[in-house]
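Chemist: Residues 14 to 231 (our numbering) are what the sequence shown spells out, left to right.
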Amino acid sequence: MGKKIFEKLKEKEIGSIGIGAMIVFIAMVLVAGIAASVLIQTSTTLESQALATGQETTAEVSSGLDVVCIEGYNTSGSITHLAIIVRPRAGSKDIDLGQTVIEISDSNTKNFLVFDTSAYTAQSGVDGDLFTSSFYTTGATNFSIIVLSDPDGSCSSGSNAVINSGDYVVLGVNTTACFGGLSPRNNVWGLVLPEEGSPGVINFKCPASFTKAVLELQ
14 MGKKIFEKLK EKEIGSIGIG AMIVFIAMVL VAGIAASVLI QTSTTLESQA
64 LATGQETTAE VSSGLDVVCI EGYNTSGSIT HLAIIVRPRA GSKDIDLGQT
114 VIEISDSNTK NFLVFDTSAY TAQSGVDGDL FTSSFYTTGA TNFSIIVLSD
164 PDGSCSSGSN AVINSGDYVV LGVNTTACFG GLSPRNNVWG LVLPEEGSPG
214 VINFKCPASF TKAVLELQ
């Protein structure tokens with residue numbers, strides 16, 4: 014009699030152990046499934062972030078503005094205006110000059126300039142003299158735009174100053190308003206900062222003497 018009771022208890026114990034093991038196994042499967050789901054979601058998120066970062070990096074490297082050259086206008090021994098000739102870099106998307114900022118310093122004063130939409134000169138209005146006074150602003154916080162080449166007509170007005178491949182424009186700076194003019198040996202530096210992409214670099218030293226009306230500075 015005692016032996017039978019012992020055997021029944023043993024069977025129940027074995028059954029309980031089996032059920033417990035099954036519960037543990039199911040729990041492990043559930044945990045593994047949740048962990049796998051989290052890993053997949055994390056992997057997807059990281060992949061998306063990496064792709065976005067890669068696209069942003071590519072845009073920053075491949076797009077932006079090139080400063081082709083900088084010329085200055087000399088009046089009585091002082092450079093009164095700068096003509097900063099720029100173009101989009103190869104592979105650039107459209108660049109809205111209305112969202113572009115010029116940071117420029119003569120090592121004593123730093124100015125941040127934005128586009129004055131009323132200071133726009135179309136290609137048809139350029140008569141060969143880039144330093145016509147009406148092409149330039151009179152203030153120390155703005156720059157003007159003079160269109161040199163715009164095959165597709167993208168930079169058509171002050172309110173639509175967008176440049177793309179093949180376009181060349183002058184960004185005009187009134188250095189008399191900004192710095193009281195530039196003197197011989199002045200160091201000038203700065204950036205032309207587009208909304209997206211790499212900036213154009215401004216970095217030159219004025220000649221020791223100004224012997225011409227128009228000076229090539231950079």
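The beta carbon of each residue, even a glycine, is placed where N, CA and C say it ideally should be.
Owing to the predicted nature of the structure, the values given are computational and were not obtained by experimental measurement.
In chain order, what residues of the same chain lie with their CB nearer than 6 Å to the CB of G152, ignoring the 5 residues before and after it?
Modeler: Taking the first residue of the sequence shown as position 1, residue 152 is located at position 139. Hits under 6 Å: A190.
Chemist: Cα-Cα, which of G185, F223 and N177 is closest to I159?
Modeler: Locating residue 159 in the sequence shown gives position 146, where the first residue counts as 1. With distances taken between Cα atoms, I159 lies closest to G185.
Chemist: Taking 9 Å as the cut-off, decide whether the C-beta atoms of A96 and F128 are in contact.
Modeler: Stepping through the sequence shown from its first residue, residue 96 is reached at position 83. Stepping through the sequence shown from its first residue, residue 128 is reached at position 115. Cβ atoms of A96 and F128: not closer than 9 Å.
Chemist: With DSSP run on the structure shown, which of helix, strand or coil describes V139?
Modeler: Stepping through the sequence shown from its first residue, residue 139 is reached at position 126. Three-state DSSP puts V139 in coil, outside helix and strand.
Chemist: As a quick exercise: from V80, S162 and P164, pick the residue whose alpha carbon is nearest that of G203.
Modeler: As a working note, residue 203 is residue 190 in the sequence shown. Nearest option by C-alpha distance: V80.
Chemist: Among G194, V37, S211 and A135, which has the Cα closest to the Cα of D180?
Modeler: Walking along the sequence shown from the start, residue 180 turns up at place 167. Of the listed residues, the one whose Cα sits closest to D180 is A135.
Chemist: Whose C-beta lies closer than 8 Å to the C-beta of G67 among residues of the same chain, with five residues either side of it excluded?
Modeler: Position 54 of the sequence shown holds residue 67. Caution applies to G67, whose pLDDT of 49 falls short of 50 and renders its modelled position unreliable; the value that the coordinates give is listed next. Contacts found: none.
Chemist: Using the Cα positions of F148 and T93, report the straight-line distance between them to the nearest angstrom.
Modeler: For the purposes of this step, residue 148 is identified with residue 135 of the sequence shown, where counting begins at 1. For the purposes of this step, residue 93 is identified with residue 80 of the sequence shown, where counting begins at 1. Near 13 Å, if we compare the C-alpha coordinates of T93 and F148.
Chemist: Please name the residue in V227, A49, T88 and G111 whose C-alpha comes closest to that of V205.
Modeler: Start at 1 with the first residue of the sequence shown, and residue 205 comes out as number 192. Closest option to V205, Cα to Cα, is G111.
Chemist: Can you give me the Cβ contacts of S178 inside the same chain, cut-off strictly under 8 Å, excluding the 5 residues immediately before and after it?
Modeler: Taking the sequence shown and counting its residues from 1, one reaches residue 178 at position 165. Cβ within range, chain order: P101, A103 and S105.
Chemist: Label V227 either buried or exposed according to how many other C-beta atoms from any shown protein chain fall within 10 Å of its C-beta, with 16 as the threshold for buried.
Modeler: For the purposes of this step, residue 227 is taken as residue 214 along the sequence shown, with counting starting at 1. Exposed.
Chemist: Nearest-angstrom Cα distance between S167 and G213?
Modeler: Locating residue 167 in the sequence shown gives position 154, where the first residue counts as 1. Locating residue 213 in the sequence shown gives position 200, where the first residue counts as 1. Each residue's Cα considered, the two are about 20 Å apart.
Chemist: Quick one: Cα of S118 to Cα of N87, how far?
Modeler: On the sequence shown, position 105 is the one that residue 118 refers to. On the sequence shown, position 74 is the one that residue 87 refers to. Taking the straight line from one Cα to the other gives about 18 Å.
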